[in-house]
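A quick write-up on the structure given underneath.
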Amino acid sequence: MVSHRAMPDVPRPVVEYLARLLAGHRRVIGTRRGTRALGSFLQAVLVLRWFRDHRCVHCLARDAGISQATGYRYLHEGIDVLAAEAPGLAGVLEQGRRKGLPFVVLDGTLIRCDRVAGETERGTDLWYAIRIKRFAGNVQFLAAPDGTPLWVSDVEPGSTHDLAAARIHALPDLYQAARDGLPTLADIGYIGAGGGIHVPFRKHPDLPGDIGLGNETYNKLLRGLRFTGERAMAVLKQRWRTLQHVTLSPNRIGAVTQAALVLNNAWQ
1270 MVSHRAMPDV PRPVVEYLAR LLAGHRRVIG TRRGTRALGS FLQAVLVLRW
1320 FRDHRCVHCL ARDAGISQAT GYRYLHEGID VLAAEAPGLA GVLEQGRRKG
1370 LPFVVLDGTL IRCDRVAGET ERGTDLWYAI RIKRFAGNVQ FLAAPDGTPL
1420 WVSDVEPGST HDLAAARIHA LPDLYQAARD GLPTLADIGY IGAGGGIHVP
1470 FRKHPDLPGD IGLGNETYNK LLRGLRFTGE RAMAVLKQRW RTLQHVTLSP
1520 NRIGAVTQAA LVLNNAWQ
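The opening residue of the sequence shown carries number 1270 in the numbering used here; numbering runs sequentially from there.
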């Protein structure tokens, strides 16, 4: 068998950035020189190929001339090193306020995963997302008005509603940001989120008539302002294709998405 080490189609500075993080991590944990099957640069290549090309891990390990077990170990190490660099929500909001952002956009995305056991209290599949009829994890994200992804949350099972996930991971900090002058725009999935979270008006099913011209105009304006921000995750999934279907444990989806955000920031 002939092995080869392909380079991912990412800018070399991104590879070097990850290699530096991995080298620093090895120093922290006391890895002795010459005891690893791959140097930090080639490990970075393996990790980036997985993120960029959505290749199977055993194929990447074969290309690198290492065992499948070592390939998985190196991949998880790379994910953890990157995810540790992901920005926290409070810091992102403070930075946005200092930059004078008029608002931020909150949305949720479902990241597909393999079938996994686990049930809700009602006996349904915990990780099954009815919205897309697939097993998935729910990740909340925040974007700037120009569509730049700013922050991603940890993962919740796919059956979790966006509002419930936002209450766990985002709303307390967003309330404070709104009090400081940085409001949040969101879609109808966040109706009831509370003050500072601007959502569309929706007609109450028990009331006659429509929502009124003024409310319709407000909804159109809100939709136009949200549009670019809501595309942030689509752009992230297109660049880092592994986010289209994570084949690792679904509990790793949050770390994988956070790692992809860090790589995206390094790319830009």
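Where is the CB? At the ideal position from N, CA and C, for every residue including glycine.
The structure displayed is predicted, hence computed values, not measured ones.
Could you check if Leu1490 is buried or exposed, using at least 16 other CB atoms within 10 Å of its CB as the buried criterion?
exposed
**Message:** Beta-carbon within less than 8 Å of Ile1460's beta-carbon, same chain only, minus the 5 sequence neighbours each way: which residues are those?
**Reply:** Excluding residues within five positions, the ones whose Cβ falls inside 8 Å are Leu1432, Val1468, Pro1469 and Arg1471.
Do the CB positions of Gly1340 and Val1424 come within less than 8 Å of each other?
no
Got a sec? Which residues, its chain only, sit under 7 Å from Leu1291 by beta carbon, not counting five neighbours each side? Ser1309, Gln1312, Ala1313, Gly1347 and Val1350
Can you tell me whether Ala1462 is helix, strand or coil according to DSSP? coil
* Boundaries of the alpha helix (DSSP H) in which Pro1426 is found, first to last residue -> Segment Pro1418 to Pro1426 is the beta strand (DSSP E) holding Pro1426; no alpha helix (DSSP H) there.
Give the single residue among Arg1448, Asp1449, Glu1390 and Ala1455 whose Cα lies nearest to the Cα of Ala1435. With distances taken between Cα atoms, Ala1435 lies closest to Ala1455.
To the nearest angstrom, how far is it from the Cα of Gly1299 to the Cα of Gly1465? 47 Å
- Among the residues of its own chain, which have a CB less than 7 Å from the CB of Gly1450, if the five just before and after it don't count? So the qualifying residues of the chain are Arg1366.
| Closest Cα partner of Val1440 within the set Gly1416, Thr1417, Gln1409 and Leu1419 | Note that residue 1440 is Leu in the sequence shown, not Val. Looking at the Cα atoms, Gln1409 is the closest of the given residues.
| task | In angstroms with no decimal places, state the Cα-to-Cα distance between Val1271 and Thr1389. | result | Summary for Val1271: the model assigns pLDDT 40, below 50, so the residue's position carries little reliability; its value from the coordinates is reported in the next sentence. Near 48 Å, if we compare the C-alpha coordinates of Thr1389 and Val1271.
**Study point:** N- and C-terminal bounds of the beta strand (DSSP E) containing Gly1299
**Key:** Note, Gly1299: premise wrong, no beta strand (DSSP E); not H, not E.
Practice prompt. Go through its chain and collect everything with a Cβ distance to Asp1322's Cβ below 6 Å, but skip five positions before and after it.
Written response: none
What did DSSP end up calling Gly1377 once you bin it into helix, strand or coil? Strand at Gly1377.
If contacts are defined as beta-carbon pairs under 8 Å, then Thr1526 and Leu1512 qualify, I think. What distance do you get, rounded to the angstrom? 6 Å
My understanding is that Trp1420 touches Pro1356, with C-beta atoms under 8 Å, so please give their C-beta distance in whole angstroms. In this structure, Trp1420 and Pro1356 form a Cβ contact; the two beta carbons are roughly 6 Å apart against a cut-off of 8 Å.
ask   = What residue range is occupied by the uninterrupted beta strand (DSSP E) comprising Phe1410?
value = For Phe1410, the uninterrupted beta strand (DSSP E) segment begins and ends at Arg1403 to Ala1412.
* Contact check, Asn1533 vs Arg1508 under 8 Å by CB: the rounded distance? -> 6 Å
Practice item. Give the straight-line distance between the Cα atoms of Arg1305 and Ile1335, rounded to the nearest whole angstrom. Key: Arg1305 and Ile1335: Cα-Cα distance of roughly 10 Å.
Of the choices Asp1383, Arg1281 and Phe1320, whose alpha-carbon is the least far from that of Arg1510? Phe1320
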